[in-house]
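Residue numbers are given in this note's numbering: position 138 of the sequence shown equals residue 139, and the series is strictly consecutive. From the three backbone atoms N, C-alpha and C, an ideal C-beta is built for every residue, glycine too.
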Amino acid sequence: MKIGTITITFLLLVNSVYSQKEVVANDFGKNYNGVSFGILKNDGFALVDTLGNVTAEKITFKKYDKNLTTFSFYEGVTYDFDNNTKLYRLIDFNKNPITEYKFKEIKPFITDNTWAITNDDKEVFIDLKGNIICDYNQKEINKQLGLNELSSSMKVFEAMSSKNVEMFYDGLKQIKNRKTKKIGFLNKSNKIVITPEYDKSSNFSNGLVAVCKLSGNYYLWGFIDSKNNEKISFKYTQKPGDFHSNRAIVTNKERKKGYIDSNGELIIPAKYDDVTDFYKGFALVKDSYYSSDVKLIDINGKIINSFDKEIEVKATKSNLISLVNEQKTIAVLRSNRKTVIINSKKEIVSKQFAKIINLINGKAFAINYDSKGISEKGLINTKGEFIVKIIKSEF
């Protein structure tokens with residue numbers, strides 16, 4: 002199928018013989034990623050695939066972790082806690098062990114690496130296979146910063162109590178000088194490659210990162226590369242976005258948003274109230290918060306499609322991804338505020354629900370409510386038929 006002059010791959014979605022499977026659970030999350038979603042049973046967490054098969058059962062966390070928000074998975078990897086050793090391990094979606102039980106603490110994966118504390122109290126960063134990609138050496142880092150060394154117990158306590166541990170992006174992670182509060186960047190060999198001199202920062206993407214520093218009487222944002230060379234001048238009063246498809250979101254003083262390229266040139270004028278990052282060369286933009294019209298644009302700002310009649314498509318990353326990948330997305334009907342799935346021609350293809358979430362590979366999470374609360378919930382196909390229906394446990 003072609004949108005304008007640009008061909009977007011159309012995923013062949015085959016809804017052959019419609020069938021529905023029921024899964025009983027005490028609690029169920031919205032963490033559907035196109036492959037699996039999480040449920041909670043009496044004996045722990047479980048993973049359910051798109052056919053309704055429970056692929057992994059009795060996944061345990063610490064005793065106080067009985068909320069599905071603590072049960073996260075990423076790229077086919079999740080965690081399992083052993084109440085005897087008090088350690089975590091990494092497992093796949095079939096509960097096959099990726100590592101042994103060897104982590105005292107671990108942060109959820111949000112990218113291809115994450116932070117952990119090993120059973121011998123080492124602070125490390127690991128990849129999705131459990132390999133240590135950085136043996137984080139605070140003593141060496143403090144030496145480079147000219148700071149006194151914290152005690153070993155204080156190091157672990159400081160890291161474990163931190164609400165926000167920065168990960169590695171493009172091989173570099175943010176590091177803060179605890180004395181000056183300035184931000185710099187560290188590589189995986191514990192070498193500071195950008196001395197802490199910035200007040201705020203985003204993360205590296207496509208070789209560039211947005212950083213903020215005091216310029217005269219104002220804090221301004223610009224972009225540097227991995228060698229701390231200034232690539233885009235410090236002139237932005239609002240934090241820019243990261244680069245995707247060689248475009249980054251910038252916001253002017255009137256809080257209107259547009260896009261620049263990696264040379265800092267304003268390619269798409271700052272005239273929108275609401276925008277998404279680019280994905281495979283496309284973005285969703287909205288002229289005004291007060292109107293419901295949303296446009297699909299290319300990297301030069303050309304309007305490829307618009308949704309501005311009886312339906313409302315929110316400018317979100319998930320809606321953009323499903324629209325680009327599958328030529329379908331989630332929309333809200335203006336008339337009754339019900340949620341439906343539409344195609345790129347703005348035709349309604351599904352039944353109506355109170356909520357539809359995360360349309361991926363022709364399937365989405367859907368919820369309906371009645372006077373007692375949730376009346377039905379589960380995984381639907383693009384026609385709105387339940388493939389997997391979640392039945393709440395009576396006990």
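Which two residues bound the contiguous alpha helix (DSSP H) that contains residue i?
| i | result |
| --- | --- |
| S323 | K318 to E327 |
| C301 | The identity of residue 301 in the sequence shown is Asn, whereas the question assumes Cys. Where N301 is concerned, there is no enclosing alpha helix (DSSP H), given that its DSSP letter is neither H nor E. |
Based on DSSP bridge pairs, tell me the residues matched to residue i.
| i | result |
| --- | --- |
| I133 | I127 |
| Q175 | F186 |
| K287 | D275 |
| F29 | I40 |
| I1 | With the chain represented from 2 up to 396, any question about residue 1 goes unanswered, as that position is not in the structure. |
| L69 | DSSP lists no partner for L69. |
| P98 | I92 |
| K105 | DSSP output for K105 lists no bridge partner at all. |
| S206 | L209 |
| T119 | F104 |
| N306 | L297 |
| K214 | L221 |
| I142 | In the DSSP output, where bridge partners are listed per residue, I142 has none listed. |
| T330 | I343 |
Looking at the secondary structure, which residues open and close the beta strand (DSSP E) in which residue i lies?
| i | result |
| --- | --- |
| L148 | L148 -> no beta strand (DSSP E), and no H or E assigned at all. |
| P197 | I193 to Y199 |
| P270 | L267 to Y273 |
| G77 | It is not in any beta strand (DSSP E) - G77 carries neither H nor E in the DSSP assignment. |
| T252 | A249 to T252 |
| D315 | As written in the sequence, residue 315 is Lys, which differs from the Asp given in the question. Taken as a continuous stretch (DSSP letters only), K315 belongs to no beta strand (DSSP E), as it is neither H nor E. |
| N344 | T340 to N344 |
| R90 | L88 to D93 |
| G45 | G45 to D50 |
| E255 | Taken as a continuous stretch (DSSP letters only), E255 belongs to no beta strand (DSSP E), as it is neither H nor E. |
| E167 | Premise fails: E167 is in no beta strand (DSSP E) and is neither H nor E. |
| K281 | Premise fails: K281 is in no beta strand (DSSP E) and is neither H nor E. |
| I111 | Looking at the DSSP string, I111 is not in any beta strand (DSSP E), and its letter there is neither H nor E. |
| K59 | V55 to I60 |
Report the CB separation of residue i from residue j in whole angstroms; it is logged as a contact under 8 Å.
| i | j | result |
| --- | --- | --- |
| F82 | F110 | In fact, because the Cβ distance is near 16 Å, the residues do not count as touching under 8 Å. |
| S345 | I300 | Not quite, the Cβ-Cβ distance comes to about 19 Å (not below 8 Å), so this is no contact. |
| F169 | N230 | Between N230 and F169 the Cβ distance is about 20 Å, and since that is not below 8 Å, they are no contact. |
Runs of beta strand (DSSP E) wholly within the stretch 349-390 (minimum 3 residues, chain order)
As far as the stretch 349-390 is concerned, its whole beta strand (DSSP E) runs of at least 3 residues are 356-361, 364-371 and 374-382.
Are at least three pairs of beta-carbons, each pair with one atom in the stretch 272-282 and one in the stretch 312-324, less than 8 Å apart?
As far as the Cβ criterion goes, the stretch 272-282 touches the stretch 312-324, which means the pair count is three or higher.
Stretch pair the stretch 134-148 + the stretch 83-103: three plus CB contacts closer than 8 Å
Contact between the stretch 134-148 and the stretch 83-103 is absent: fewer than 3 CB-CB pairs across the two stretches fall below 8 Å.
Are the stretch 281-292 and the stretch 300-318 touching by the rule of at least three beta carbon pairs closer than 8 Å?
Contact between the stretch 281-292 and the stretch 300-318 is present: 3 or more CB-CB pairs across the two stretches fall below 8 Å.
Three or more C-beta pairs closer than 8 Å, one from the stretch 324-331 and one from the stretch 367-380: is that the case here?
In short, these stretches do not touch, since the Cβ pair count stays below three.
Suppose only complete runs of 3+ residues qualify. What are the beta strand (DSSP E) ranges in the stretch 216-250, listed by chain order?
For the stretch 216-250, the full-length beta strand (DSSP E) segments reaching 3 residues or more read 219-226 and 231-237 along the chain.
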